[in-house]
Amino acid sequence: MTQTLIRPETPVVPPPSPPRRRRRKDPGRYLRLHLPLVLYLLFTLIPFYWMLVFALRPAGATSLVPWPITFEHFDTVWNGVGFGLFFQNSLIIGVGTLVVVTVFALMGGYALARFRFRGQRVFLLALLCTQFIPGAMMLIPLFVIFKSAGLLNSLTGLVIADTAFQLPLALILMSGFVRNVPVELEEAAMVDGCTRLRAFFAVTLPQLKPALVAVGSFAFIGAWNNFLFALMFASKQDKFTLPVGLSYALGEFNTDFGALAAGGVVAAVPVVLVFAVVQRFLVQGLSAGAVKG
Amino acid sequence: MRTRTWAPYALIAPTLVLMAVFLVYPIASVGWFSLRQHTVTQPWKNGFIGFENFRRMLFEDQLFWQSLVFSAKWVAVEVGLQLVLGLVLALIVNETFVGRAVARALVFSPWAVSGVLTTGIWILLYNPSTGIFQQLAQWGIGDPGTSVLGDPATVFPATVVTELWRGVPFFAILLLADLQTIPNDLYEAASVDGAGRWRRFVSVTLPHLRDAIVLSTLLRAVWEFNNVDLIYTLTGGGPANQTTTLPLYVARKAVDSHDFGYGSALTTAGFVILLFFSILYLRLSKFGSRA
Amino acid sequence: MMRRLLVALALVVSACSAGQDGPTTITFWDNNGGPGRTPIYTELIKRFEAANPDVKVEYVGIPSSSVQQKYDTAIAGGATPDVGGVTTSYLAHLVGQDALEPADERVENGALKGKLLPGLLETVRQTAPDGKLYAVPASGNMDVIWYRSDRFEEAKIAEPSTWDDLAKAATQLTKPAENQYGFTIRGGAGSIFQLLAEAYSYSGVEKFYEGGKSTVADPRNAELVRKVAELYKKATPEADVNNNYTQMVAQFTGGTVAMMHHNLGSTADVMKALGPERVSAMPLPKGPSGKRTVVPNPTDGFAVFKGSENREAAWKFVEFLTSAESNGYWNEKVGQIPANTDVRGAEWIQENPAVKMALGVLEDPATVLVPAPVYLPEYSSITKTDTEPLYQKVLLGQMPAQEFLDQLAAKLTTAQQDWEKRK
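Taken in order, these protein sequences are the chains called A, B and C.
So our numbering is basically just the index in the first sequence, starting at one, shifted up by 3.
So our numbering is basically just the index in the second sequence, starting at one, shifted up by 34.
So our numbering is basically just the index in the third sequence, starting at one, shifted up by 137.
Below is the structure:
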């Protein structure tokens, strides 16, 4: 599969070639575009299919087609294990983290990209440094901080914990995106009498839509999927999240592949769907036509 | 402009506050514990021991070096493949074709799947009795009972593929978002100059993506270096420590064996290594110099 | 605009979190939360609250793979539950961190006096340096070999009683072309616990320490390790070298292997997939000595934490959980040996062949128990972090069995000597 995919000699370039150059019947296009895409889709989808099969067929069955279909595993995880509530908690934490991280990352990323200030390099390095230590090693001191701040057992606390860990990475990414938006645009707007803030909202922000989607979805997914903090900083059943629920099905004496797969479907499907909706915002900027360097 | 003096500080203030409150102390405490003997189950032995942990690590602990070498191999292979595949994927789904929205949503979807779930799915998929290799064997492809995670020859590629499944979309999304900011007229100008696909890619696309590539590879490298969950659940570091990365070794020492002091020393070593390579990488790539 | 965003996110952040008043609330951590056991506790808590309207129990299910880390973090951070499920495999760690309340007086002066299996009480006491009872035992367990009775019948093989019989049966039942294997070895996480149980069961060595020195490296133990390693790939799947519990069970319930060594705790997993008509349990096979030597499996129990502010209510709950009725209910559902002796006569025990068999072995006067030194603070570090990778080397043929056991024995001996000095 990799051999087919790595074909640097035939890269695909964004298409805005003039219409006269666009030939509908281009056999190379199938080799260049459709073949690798289909192969990659297979690689992506087979594991998902495996999960779906386990989720829909009775325990112990081995057929590749889940027939007869059973929903007992979904009943187990939703009603027996309480995935309904876990789902809700994951959603709140994910959305909360998404909002906070994106806003702060936009602010900080803008500062890094557009200003020269004392301590800039140190700040960038400090951001990186926060990523050098695995979360498990910081668990106990973090726990103590959270306890004294009264943030244990609350979704707010988990939003803050996830934010603290996601933000440095998001900020660095965002600064890269801001840097790619020509500063001349903003300056032109400011010459026209805009304040810097208005220039930002009127000119730069629209250009950053794909960046916001990318950074925001990273933050959301990071929080949605965080296992360690969710388990360690909450000691109440009604504050647990989906990854905690999923790990139930992998324990000693508790191996239940059907439940694991059904829980996986519950955890994955909504994110995939949301992604399907927002991904179209990843395509942006070009049509806006404002970019004239 | 007067605002210049305080504006950037105001903008990074929330981040600074969060870092100061939630990250500085925990990171510092790792450094402090690395100088101590600290085992929660044997409190009577705890105390300050200077650089003893580091001496042990550097001169007596073969597994430290072994895990470090494996970590380097893991990071290089993962980040390299993820970058190349992610770039190709981003370029493909940036084309216009029927069903593009669906294709995008599907190829990006593994990124949305949690670590726990990724390993869960792949354990099912790799399982010699219920997995894909058993299915293939039934169709006459390969041998029945093939265990890619049990065979020392295949455990590494099998783990790499699993992480690729989830990691490639990271690059693809990021690079796709960045591709969108390439002004059209650059391509038009290149086309007028008679540049072919490859030339346009090399002279327009790549330079524009440079900063994004530098950043994403760096962040991803750090992330992959510290990635414990996947390998831990999939192989447990085995067989015979063959797939033990440094952070996995840390987890086994600090979490499973409760030897927090030594685990902290190992973590500190990882920290220093990452710091060194990050600075080197940013210098060599001249990151941000274009701006 | 920016301000509005900030206000909005402040609202998001400040939502949630509120306290409760009313009846006494105690927190209970289930050390093995999940679809299997959570419903059992839900039912028991319902019964308890009906009988004790002034106490509310808050159930928290911890995934078993993370329970030690969760306890460690909670202890270090000073936020422990009132009552927690524990097993003797990590009880020593909790005692070492001075987190638990001794139960001796409560048991001695309460409803449980004389009702708990002495053997299990002893196992729990052994984990603490001061010999106190830091958890009320609730359930005993025993290593068993689950086997596919249908395949044995089909191939006309009798239930093996010695290790050599087992090895022979395993070879007979192996058909690589059909992806069928006779046996499965746990080579990954948790391997050493099981290997030691197999080794002592085979060797007939009656003590774990002889004169302060570990008997692990006894040549008869080494013989067993060699025999297991010989089965690897010949009568077992190749994957076994990295097998943890989950993967091992998947092979057994998926029909790939005919025999799996685990313990009564997997009853639910095994029965749900295969059913009593296709699977039975037998004790670990004996060796040439003919002696029945058994390394006891970790005992499950309930502990009250020192940090509890409602100890009376906490003890009431522990007593309730280990009362004949609840204890019977729990063990019937899980398929393990009830600690409360009043449950002995219960009908379900007669109808559960595995539990009946296990009780038979444990109550047989000829059975010698060889407890593993789970009281050593280093025990899990030695057996897991240090030794599991070495065992994999043995299976892969990169290390001789005797050398492997020598290394393990040396560490266990040093740890034991440290322990004796401190005692």
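Glycine included, each C-beta is placed from N, C-alpha and C at the ideal position.
Quantities reported herein were computed from a predicted structural model and do not represent experimental measurements.
- Membership of T162 (chain C) in the beta strand (DSSP E) is indicated by the continuous run 161-167.
- The shortest CA-to-CA distance from T279 (chain B) to any of B:L243, B:D263, B:G133 is the one to B:D263.
- Remark: fewer than three beta-carbon pairs, one from each stretch, lie closer than 8 angstroms, so the region 167-178 of chain A and the region 161-168 of chain C are not flagged as touching.
- Taking the C-beta atoms as reference points, I96 (chain A) is found no nearer than 8 angstroms to A205 (chain A).
- The alpha carbon of V238 (chain B) has as its nearest neighbour, out of B:N261, B:L213, B:V256, the alpha carbon of B:L213.
- When B:R234, B:L208, B:L52 are compared, the shortest CA-CA separation from P217 (chain B) is found for B:R234.
- Residue-level contact by beta carbon fails for I61 (chain B) and chain C, as no gap is shorter than 8 angstroms.
- In terms of Cβ geometry, K423 (chain C) and S338 (chain C) form a close pair [threshold 8 angstroms].
- About 5 angstroms separates the beta carbon of F439 (chain C) from that of V455 (chain C), a gap short enough to meet the 8 angstroms contact definition.
- Of the candidates A:L42, A:T207, A:L38, A:L176, A:T207 places its Cα closest to the Cα of A191 (chain A).
- DSSP places I474 (chain C) within a strand segment (E or B) once states are collapsed to three.
- Close partners of A188 (chain C) in chain A (Cβ separation under 9 angstroms) are lacking, with about 22 angstroms as the shortest Cβ gap.
- Within 9 angstroms of the CB of I95 (chain A), no CB atom of chain B is found; the nearest one sits about 16 angstroms away.
- Between N80 (chain B) and chain A, the shortest Cβ-Cβ separation is not below 8 angstroms.
- Beta-carbon to beta-carbon, V386 (chain C) and S403 (chain C) are separated by about 6 angstroms, close enough to satisfy the 8 angstroms threshold.
- Here the alpha carbon of S143 (chain B) sits roughly 16 angstroms from the alpha carbon of G154 (chain B).
- Only L142, I143, F146, V147, K150 from the region 120-150 of chain A bring a Cβ to less than 7 angstroms from some Cβ of chain C.
- V122 (chain B) and L240 (chain B) have their alpha carbons spaced roughly 12 angstroms apart.
- Residue pairing for Y346 (chain C): DSSP places it in a beta bridge opposite C:S351.
- Contact annotation for Q169 (chain B) against chain A: L67 [CB-CB distance below 7 angstroms, chain order].
- Straight-line spacing of the CA atoms in L276 (chain A) and L55 (chain A) works out to 16 angstroms.
- Annotation for R285 (chain C): the continuous beta strand (DSSP E) segment containing it runs 280-285.
- Assigned with DSSP and collapsed to three states, M536 (chain C) falls in coil, not helix or strand.
- Contacts with chain C at 8 angstroms (Cβ-Cβ) include L155 (chain A).
- The alpha carbon of N316 (chain C) has as its nearest neighbour, out of B:V202, B:A229, B:T188, B:T180, the alpha carbon of B:T180.
- When Cβ-Cβ separations below 8 angstroms define contact, T180 (chain B) makes no contact with chain A.
- A straight line joining the alpha-carbon of R448 (chain C) with that of S518 (chain C) spans about 32 angstroms.
- Inside the region 189-250 of chain C, DSSP marks whole beta strand (DSSP E) runs of 3 or more residues at positions 192-198, 220-224, from first to last along the chain.
- The Cβ-Cβ distance between R90 (chain B) and F82 (chain B) does not fall below 8 angstroms.
- Of the residues assessed, T198 (chain A) falls on the exposed side of the cut-off, its CB having fewer than 16 other CB atoms within 10 angstroms.
- Between the region 240-250 of chain A and the region 78-93 of chain A, the count of C-beta pairs closer than 8 angstroms reaches three or more; the two stretches touch.
- The criterion of a C-beta distance shorter than 8 angstroms is not satisfied by V202 (chain B) and L151 (chain B).
- Rounded to the nearest whole angstrom, the C-alpha separation of L333 (chain C) and Y283 (chain B) is 24 angstroms.
- Residues of the region 142-166 of chain B with a C-beta less than 7 angstroms from any C-beta of chain C: I157, N161, P162, S163, T164, listed in chain order.
- By the CB criterion at 8 angstroms, A270 (chain A) and F57 (chain A) fall outside the cutoff.
- Assignment of L270 (chain C) by DSSP, reduced to helix, strand and coil, places it in the coil class.
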